[in-house]
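Worksheet for the structure shown next.
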Amino acid sequence: MSDTGEDRRPARPGRRNVVRGIGLAAGGLLAAGAGFATEQAWRRDDPPTPASAASVDSWQPPDRQVDVVWSVDTRRRLVALTFDDGPMAKWTPQALDALDEAKVPATFFMVGSRLVRNARLVEGRLGRHEIGNHTWKHDDLSKLSLAHAYRSIHRTHEAIQQVTGRTPRLLRPPWGRLGGTTLHVAAQHGYDIALWSLLVQDLRLGREPSEMVSAVVDNARPGTIVLAHDVGAPSREAAIERLPAMIRGLRGRGFDFVTVSQLRRAAL
Ligand SMILES: [Zn+2]
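Residue numbers (UniProt numbering): 1 to 268.
Now the structure itself:
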């Protein structure tokens, strides 16, 4: 399981920050827009990769669309803080302490195997927070077969239900890497995909801690989804330590905090 350097590349939102039903309509577009000859060439030149190697015979389109969300269009000054890769000793409790102190809800995208191992760290502490699925072992879903992606996501889904008593509704693929299989499994579990629009940089870039805080505070917009980590290299600890300063700064700009699902309900 590697966390070092993960999630360092922020997703780059395009003009639209939500892609509805991504991937699920691709076959139809191809057939309708590109023509038969092109489609045949595509099939010949691009044989199934492991991520799309589900048997053609067994392929059934899911019965539900999947949204991919980087941020939310809203006029309300709301932001969603998110924390990936926990729960882990020290970091996760420290983040929870800071959030409790400020009465700020957040969304934790948890790694299933860690949640099972470290359940006691979060038991009874998740009241105001949302929990999302971040795969079983921080897996690169873009490289997994349908069966493997299903196992990784489903085991984590069950672990979250077991430990927290809640059914997660959001999946965040590690590193933001998506395969078609991911979308398929997400649809099967009733998930939408939550990416991010603002990354809390760590100090490896040689920044001063105050710059790290102001980079978040100054760049937040209504509907921003902020990505931080409650696990990782020691340099990332600085972000958790400065969480109270970030919260103060964002409040100073008139922002209020919500979970990702609450933010989506505030969409225009
Ligand atoms: Zn991660």
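From the three backbone atoms N, C-alpha and C, an ideal C-beta is built for every residue, glycine too. A quick note: this is a predicted structure, and the numbers were derived from the prediction, not measured.
Comparing alpha carbon positions, the residue from Ala267, Glu237, Phe255 closest to Phe83 is Glu237. Restricted to the segment 153 to 217, the alpha helix (DSSP H) segments that are unbroken, complete and at least 4 residues in length are 180 to 188, listed in chain order.
By alpha-carbon distance to Gln201, the top candidate from Ile131, Val116, Ile240, Leu99 is Ile240. Contact between Asp73 and Ala267 holds, with the beta-carbon distance rounding to 6 Å and staying under 8 Å.
Under the three-state reduction of DSSP output, Leu144 falls in the coil class, being neither helix nor strand. Relative to ligand 1, Asp140 has its C-beta separated by 6 Å or more from all heavy atoms. Runs of the alpha helix (DSSP H) lying entirely within the segment 228 to 264, each at least 4 residues long, are 234 to 241, 243 to 252 in chain order. Ala233 and Pro87 have their C-alpha atoms roughly 15 Å apart. By the Cβ criterion, the segment 130 to 137 is in contact with the segment 156 to 176, since at least three pairs of Cβ atoms, one from each stretch, lie closer than 8 Å. Counting along the chain, the unbroken alpha helix (DSSP H) around Thr92 starts and ends at 91 to 102. Across the structure, Arg251 and Ser145 are spaced so that their CA atoms are roughly 44 Å apart.
The straight-line gap separating the alpha-carbon atoms of Phe109 and Asp85 is approximately 6 Å. The shortest CA-to-CA distance from Glu123 to any of Arg155, Ala102, Thr164, Ser142 is the one to Thr164. If you draw a straight line from the Cα of Ala215 to the Cα of Gln60, it comes to about 44 Å. Counted as a single uninterrupted DSSP element, the alpha helix (DSSP H) harbouring Ala119 occupies residues 119 to 122.
Across the structure, Leu81 and Leu263 are spaced so that their CA atoms are roughly 10 Å apart.
The segment 183 to 191 makes contact with the segment 149 to 162; the number of CB pairs closer than 8 Å reaches 3 or more. Annotated three-state conformation of Leu81 is strand, per DSSP.
Separation of the CB atoms of Ser142 and Gly179 is rounded to 4 Å, and the pair is thereby assigned contact status at 8 Å.
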